[in-house]
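If you're matching positions, the sequence shown starts at 19 in our numbering and goes up one per residue. Each residue gets a CB set at the ideal place from its N, CA and C atoms; glycine is no exception. Nothing here was measured: the structure is a model prediction, and the numbers come from that model.
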Amino acid sequence: MDSQADRVLGREKKLTNAVIGFIFLLSGIEYAVILPTIWMYLQSLDAEPFYLGLVLSAFSFTELLVGPLFGYWSDRTGKTKSVIILSNCFEIAGNFMYFVGISKWFLLCSRLVAGFGSGAGASIFGYLTRVSSTKERAAVFAMAMACRQVGLLIGPAFNVFLRYSNFKLGPFHVNKFSAPGIFMCVLWTLMQPLVVFMFHDSSLKYLKTEEDEYDPLLVNETENSNEGCNRVYGAINYNGNQTIGTPFSSANDTAALLSHSSEDDLDASFPNTIKDQDHKNFEKVCPNGQLSELLREEVVVLLAAQFVTLFNQTALETLVTPLAQTYLGFQDLHNSLLYFMCGIEMLIGFLVVRILSRCSSDRLLLAFGLFICNISCIWCLVFMAKPRGNGLLFLQKLDRSQFIRDSVTIEIYTIGLGQTNCYFTERIRHIGIN
Numbered sequence: 019m020d021s022q023a024d025r026v027l028g029r030e031k032k033l034t035n036a037v038i039g040f041i042f043l044l045s046g047i048e049y050a051v052i053l054p055t056i057w058m059y060l061q062s063l064d065a066e067p068f069y070l071g072l073v074l075s076a077f078s079f080t081e082l083l084v085g086p087l088f089g090y091w092s093d094r095t096g097k098t099k100s101v102i103i104l105s106n107c108f109e110i111a112g113n114f115m116y117f118v119g120i121s122k123w124f125l126l127c128s129r130l131v132a133g134f135g136s137g138a139g140a141s142i143f144g145y146l147t148r149v150s151s152t153k154e155r156a157a158v159f160a161m162a163m164a165c166r167q168v169g170l171l172i173g174p175a176f177n178v179f180l181r182y183s184n185f186k187l188g189p190f191h192v193n194k195f196s197a198p199g200i201f202m203c204v205l206w207t208l209m210q211p212l213v214v215f216m217f218h219d220s221s222l223k224y225l226k227t228e229e230d231e232y233d234p235l236l237v238n239e240t241e242n243s244n245e246g247c248n249r250v251y252g253a254i255n256y257n258g259n260q261t262i263g264t265p266f267s268s269a270n271d272t273a274a275l276l277s278h279s280s281e282d283d284l285d286a287s288f289p290n291t292i293k294d295q296d297h298k299n300f301e302k303v304c305p306n307g308q309l310s311e312l313l314r315e316e317v318v319v320l321l322a323a324q325f326v327t328l329f330n331q332t333a334l335e336t337l338v339t340p341l342a343q344t345y346l347g348f349q350d351l352h353n354s355l356l357y358f359m360c361g362i363e364m365l366i367g368f369l370v371v372r373i374l375s376r377c378s379s380d381r382l383l384l385a386f387g388l389f390i391c392n393i394s395c396i397w398c399l400v401f402m403a404k405p406r407g408n409g410l411l412f413l414q415k416l417d418r419s420q421f422i423r424d425s426v427t428i429e430i431y432t433i434g435l436g437q438t439n440c441y442f443t444e445r446i447r448h449i450g451i452n
């Protein structure tokens, strides 16, 4: 019976992982399909230039607002499936509104609504954290992001045939600007049956064993009345060689560690560790456990690195279409090809990171990625502030800047997300991941 139950759970886990992969794939496709034409769509609705920034940021704004709420819901109920179904409904509604596009204001509202659907990302990452061991977590997160990168890669290819759309769908006219909206609406609608029948919250039974982690992420309330502060924080690097992801250990685990090493050795190996005798002092210093976890030095550094990287990415991608139209005369097809090349560059960067991660620590990779991002910003400051030369020269400068940035964006985001998540307890993961 146990063997049969294990097979059933194994099949459910595979189906659930496949659904999660498709969700991230569609999120990447949506971004890559809409971005190349949204500037010209706004121009057709007589929108001012600043509307491009408003529409693009509207999506992220609502995602930021609802992400912690969805994450809190799934963490407290354990029902990630319900969160995904609801978020997909927002995606369907938002993309249909984008397809209708009766005015610039309506287009702005459509991205606001679609952003609600994207808020399920925090719930999904929380789910992946609960069902994966510490050793597996980085790889699981990386594969989820790889699915999104594949979506970014193949998304612009859909514009090759969507640009020929010119027909009536009931009272609505389908053209090359509105076609991405109805296209994504159909894809998210097809996604709903997959979530309903293939996603299984029961996969949570595949929780970590003691040999996978020092302490389960789901802790009984009777064991720790003050879960946020009554924890031992482990260092990222152990013995300078092995990178571990064990963020929190129980008092029993600490005693076991102390039995195998002296107190001085423990302090040397775990410089950020809060020992048992310091728990009371720590609680006096930080009575608000949630805030103290979010404001730890390691967490602040990792979140800042992700913020700066994603800010640079979205800022440059927002400027690409207007700049390419002004200096190169690019239209929808040219923009799609440009973003297709960016997708290839990011995928190459992802593969390089996967190879380097086997022989380098996350700390070194993160520092290297931030250094490359600085080079990209300096390149833009020197060569893009006052574009000179013919169109080909401008395109070469633009592509080099994109390549430098794209090659490390996924590296910083994946490492930052995986390591940041290691520092959060169950009760604040919905806030921290978002």
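Between residue i and the rest of its own chain, which residues show a CB-CB distance below 6 angstroms, the 5 nearest in sequence each way excluded?
{"i": "Gly-169", "result": "Leu-43, Gly-46, Ile-47"}
{"i": "Leu-365", "result": "Gln-167, Leu-171"}
{"i": "Ser-136", "result": "Glu-81"}
{"i": "Phe-176", "result": "Val-51"}
{"i": "Ala-342", "result": "Phe-348"}
{"i": "Trp-206", "result": "Asn-106, Glu-109, Ile-110"}
{"i": "Cys-165", "result": "Gly-39, Phe-42, Leu-43"}
{"i": "Arg-74", "result": "Arg is not the amino acid found at residue 74; the sequence shown has Leu there. Cβ within range, chain order: Thr-336."}
Between the options, which lies nearest to residue i when the distance is taken from Cα to Cα?
{"i": "Cys-360", "options": "Glu-335, Asn-392, Ser-92", "result": "Glu-335"}
{"i": "Pro-340", "options": "Ala-164, Met-202, Val-178, Pro-54", "result": "Pro-54"}
{"i": "Phe-117", "options": "His-191, Ser-379, Val-400", "result": "His-191"}
{"i": "Val-338", "options": "Cys-391, Cys-377, Lys-97, Ile-56", "result": "Ile-56"}
{"i": "Lys-194", "options": "Arg-381, Ile-396, Leu-351", "result": "Leu-351"}
{"i": "Thr-344", "options": "Asp-24, Gln-22, Pro-67", "result": "Pro-67"}
{"i": "Ala-385", "options": "Ala-323, Thr-332, Ser-354", "result": "Ala-323"}
{"i": "Val-213", "options": "Ser-121, Phe-143, Phe-79, Ile-38", "result": "Ile-38"}
{"i": "Lys-32", "options": "Phe-215, Ser-379, Tyr-357, Lys-97", "result": "Phe-215"}
{"i": "Thr-332", "options": "Leu-72, Phe-134, Phe-88, Glu-316", "result": "Leu-72"}
{"i": "Leu-320", "options": "Arg-381, Phe-88, Ser-21", "result": "Arg-381"}
{"i": "Arg-148", "options": "Val-204, Glu-363, Trp-123, Arg-94", "result": "Arg-94"}
{"i": "Phe-134", "options": "Phe-88, Ala-157, Met-163", "result": "Phe-88"}
{"i": "Gln-61", "options": "Trp-123, Ser-379, Ser-378, Leu-399", "result": "Trp-123"}
{"i": "Leu-369", "options": "Ser-21, Ala-157, Glu-316, Pro-189", "result": "Ala-157"}
{"i": "Gly-367", "options": "Glu-315, Ala-36, Val-318, Met-163", "result": "Met-163"}
With the cut-off set at 8 angstroms, would you say residue i and residue j are in Cβ contact?
{"i": "Gly-112", "j": "Ser-128", "result": "yes"}
{"i": "Gly-119", "j": "Leu-126", "result": "no"}
{"i": "Phe-217", "j": "Thr-34", "result": "yes"}
{"i": "Tyr-59", "j": "Gly-173", "result": "no"}
{"i": "Ser-141", "j": "Ser-92", "result": "yes"}
{"i": "Phe-522", "j": "Ala-23", "result": "No answer is possible for residue 522: it lies beyond the span of the chain, which begins at 19 and ends at 452."}
{"i": "Ser-121", "j": "Leu-63", "result": "yes"}
{"i": "Leu-374", "j": "Leu-383", "result": "yes"}
{"i": "Gly-199", "j": "Phe-79", "result": "no"}
{"i": "Met-209", "j": "Ile-41", "result": "yes"}
{"i": "Thr-98", "j": "Tyr-69", "result": "no"}
{"i": "Gly-85", "j": "Asp-219", "result": "no"}
Quick check on the DSSP output: the alpha helix (DSSP H) that includes residue i runs from which residue to which?
{"i": "Val-326", "result": "315-346"}
{"i": "Lys-122", "result": "122-136"}
{"i": "Leu-187", "result": "No alpha helix (DSSP H) contains Leu-187, which is instead part of the beta strand (DSSP E) from 185-187."}
{"i": "Pro-198", "result": "197-216"}
{"i": "Pro-86", "result": "68-95"}
{"i": "Arg-148", "result": "139-149"}
Assuming residue i is part of the beta strand (DSSP E), what are its boundary residues?
{"i": "Leu-384", "result": "Per DSSP, Leu-384 belongs to no beta strand (DSSP E); it is in the alpha helix (DSSP H), 380-397."}
{"i": "Phe-190", "result": "190-192"}
{"i": "Lys-99", "result": "Per DSSP, Lys-99 belongs to no beta strand (DSSP E); it is in the alpha helix (DSSP H), 98-118."}
Below 8 angstroms CB to CB, which residues in the same chain sit around residue i once its five sequence neighbours on both sides are set aside?
{"i": "Val-178", "result": "Leu-351, Ser-354"}
{"i": "Asn-238", "result": "Only weak support exists for where Asn-238 lies, its pLDDT of 44 falling under 50; the value from the coordinates is given anyway. Correct list: empty, nothing qualifies."}
{"i": "Asn-270", "result": "Per-residue confidence for Asn-270 stands at a pLDDT of 44, beneath the threshold of 50, marking its modelled position as unreliable; the derived number appears in the next sentence. For Asn-270, where only same-chain residues beyond five positions count, there are no Cβ hits under 8 angstroms."}
Ordered along the chain, which non-local residues of its own chain (more than five positions away) have a Cβ less than 7 angstroms from that of residue i?
{"i": "Met-161", "result": "none"}
{"i": "Leu-180", "result": "Lys-194, Ala-197, Pro-198, Phe-201"}
{"i": "Glu-154", "result": "none"}
Report yes if the C-beta of residue i is less than 7 angstroms from at least one heavy atom of the ligand PLP; otherwise report no.
{"i": "Ile-47", "result": "Among the components modelled here there is no ligand, and therefore nothing to report on the ligand PLP."}
Is it true that the region 175-193 meets the region 103-110, where meeting means three or more beta-carbon pairs spaced less than 8 angstroms apart? no
Does the region 22-30 come close enough to the region 319-339 that 3 or more CB-CB pairs lie under 8 angstroms? no
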